[in-house]
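Notes follow once the structure below has been shown.
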Amino acid sequence: MAKKKKKFKKALIKKADLSNKVLGVFTNNPTRNFNYKQIAGQLGIKDSGTRRIIAQIIEELETKENLAEVYTGKFKLKRKGGFVIGKVDLTAYGSAYVIVDSLNEDVFIAQANLNHALQGDTVKIFLFARRKNRRLEGEVVEVLERARKTFVGLIQITGKYAFVVSEKKQMPYDIFIPQEKIKNAQDGQKVVAQITDWPQNVKNPFGEIIEVLGNPGEHEVEIRAILAEFELPYRFTDDIINAANKIPEEISKKDYADRKDFRSVPTFTIDPEDAKDFDDAISIRKKQNGNWEVGIHIADVTHYVHPNTILDKEAYSRGTSVYLVDRVVPMLP
């Protein structure tokens, strides 16, 4: 008799756990409809016995008014909003919309419910139960990934502390900088600040100055501010430069054996004299049949930058060279 009671208790626990998982699928997908087979698929359950239990659980959840049957055999979350993950898009008014791939509309987040989320952050939000004729609303419950941690702004020094004030909507809060982390910045200069901490019940984040750009209005300062604002990596680390310096400038005998030799064909670069790299060229020659052949030549970077090397990974992270008015932020040294 005791063994039967234990088995019965274990069965109840198992069903309760399964019930929580079933409800979890609906909670995490508050706008979707599911039948019991789809729920089983979401949970990776294939055996028919457990699928029948899922069907029973769904009926029980409907009875408890957790779910509503929207079509025959299709159910949807009724009372609870649930959690979804998306990216923040701030408005000029301090509120935001969270873009969620699985939803047909963006979720409105009031400023009071942002909980320190900033532009572009990946966040977990709790969806409120939709009110009649109202837009979908929610609250940020966790910032999963910051879109950025550094911000460009003007430093305002007051006694033993300072604030960095950004002009961009990506940072609608001033960053508090303690005196020991002001570095050598002077009042009114443009700086790059990094957030170091943001306690839950504090309005302004804490940070430190990681770079002093200089006085606003100066050409070099403004260009460097643009680079920092878009987080363009305009410096290479020593190990990247050392790796580039190890690439031989001479063409080896093996290179001649493995490649076609076009040196006898008139070939010239189409890059201007002041270009930062010469990687495109065209050639022209007359064929024996009287036709003219125009060749398009592209530098074979992979001959020098091999897969999974430190140079390859650096180039991959940069994606492309970036051309500004007076300089280039290159993809490779």
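All residue numbers for the sequence shown refer to the working numbering, where the first residue is 720 and numbers rise by one. Glycine residues also receive a C-beta, built at the ideal position from the N, C-alpha and C atoms. All of these numbers come straight from a predicted model, not from anything done at the bench.
- Of the residues Ile1001, Val1013, Pro924, Val910, the one whose Cα lies closest to the Cα of Leu946 is Val910.
- The C-alpha of Ala1018 lies about 40 Å from the C-alpha of Gly805.
- Between Asp990 and Asp977, the C-beta spacing is not below 8 Å.
- Spatial neighbours of Ala962 in its own chain (CB-CB distance under 6 Å, excluding positions within 5 residues in sequence) are listed in chain order as Ile1029, Leu1030.
- Comparing C-alpha distances from Ala904 to each of Lys922, Pro918, Phe895, Ile876 shows the shortest one belongs to Ile876.
- Shown here, Asp906 sits in coil according to DSSP, grouped into three states, outside any helix or strand.
- When beta bridges are read from the DSSP output, His1016 appears opposite Ala1000.
- With the rule of 3 Cβ pairs closer than 8 Å, the segment 850-870 counts as touching the segment 814-830.
- Annotated as proximal: Ala912 and Glu927, with beta-carbon spacing under 8 Å.
- Proximity to His835 across Leu846, Phe847, Ser814 peaks at Ser814, based on C-alpha coordinates.
- By the criterion of a C-beta distance shorter than 6 Å, Lys888 is surrounded in its chain by Leu809, once the five residues flanking it on both sides are discounted.
- Note: Lys806 is bridge-paired with Ile818, Thr841 in the DSSP secondary-structure output.
- Secondary structure note for Thr877: it is in no alpha helix (DSSP H), and the uninterrupted beta strand (DSSP E) holding it is 869-877.
- For Gly933 and Tyr812, the gap between their C-alpha atoms comes out near 30 Å.
- Taking the Cα positions, Asp1045 is about 24 Å away from Ile929.
- Secondary structure note for Ala1034: its alpha helix (DSSP H) is the uninterrupted segment 1029-1037.
- Between the beta-carbon of Gln838 and that of Ala866 there is about 6 Å, and that keeps the pair under the 8 Å contact cut.
- Spanning the alpha carbons of Asp766 and Lys795 requires a straight line of approximately 23 Å.
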